[in-house]
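Its first residue numbered -14, the sequence shown is counted upward by one per residue in my numbering. Everything below concerns the one structure shown next.
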Amino acid sequence: MEELLGREAEIGEVEERRGEGGKWVLIVEMRRKGDKEELLEIRGEAWKRWGIGIDEDLTMEERKLR
-14 MEELLGREAE IGEVEERRGE GGKWVLIVEM RRKGDKEELL EIRGEAWKRW
36 GIGIDEDLTM EERKLR
């Protein structure tokens, strides 16, 4: 995250789960709203560099936590 943003990011909890199709999913809590919004804007760069996707889709369980 910090490499994409070009600065230090304030990260909360990180959870690793096995997603659909056996892929691994990292759920990362971004403490600063601006960091989250900026990452969503530049998510294409993460795909180009490392082949990883960044999105804001939340499961029902995650929505309840909000």
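We treat Cβ as the ideally placed atom computed from N, Cα and C, and that holds for glycine.
How big is the Cα-Cα spacing for residue i and residue j?
i	j	result
K8	R2	9 Å
Apart from the five residues on each side of it in sequence, which residues of its chain come closer than 6 Å, Cβ to Cβ, to residue i?
i	result
M15	K21
G(-3)	E14, R16
By DSSP, does residue i sit in helix, in strand, or in coil?
i	result
E14	strand
E(-13)	helix
E1	strand
Can you list, in chain order, the residues of its chain with a C-beta nearer than 7 Å to that of residue i? Leave out the 5 residues immediately preceding and following it.
i	result
I39	L24, L25, R28, A31
Which partner residues of residue i appear in the DSSP bridge assignment?
i	result
I(-4)	M15
Among residues of its own chain, excluding the 5 on either side of residue i, which ones have a beta-carbon nearer than 8 Å to its beta-carbon?
i	result
E(-7)	E(-13)
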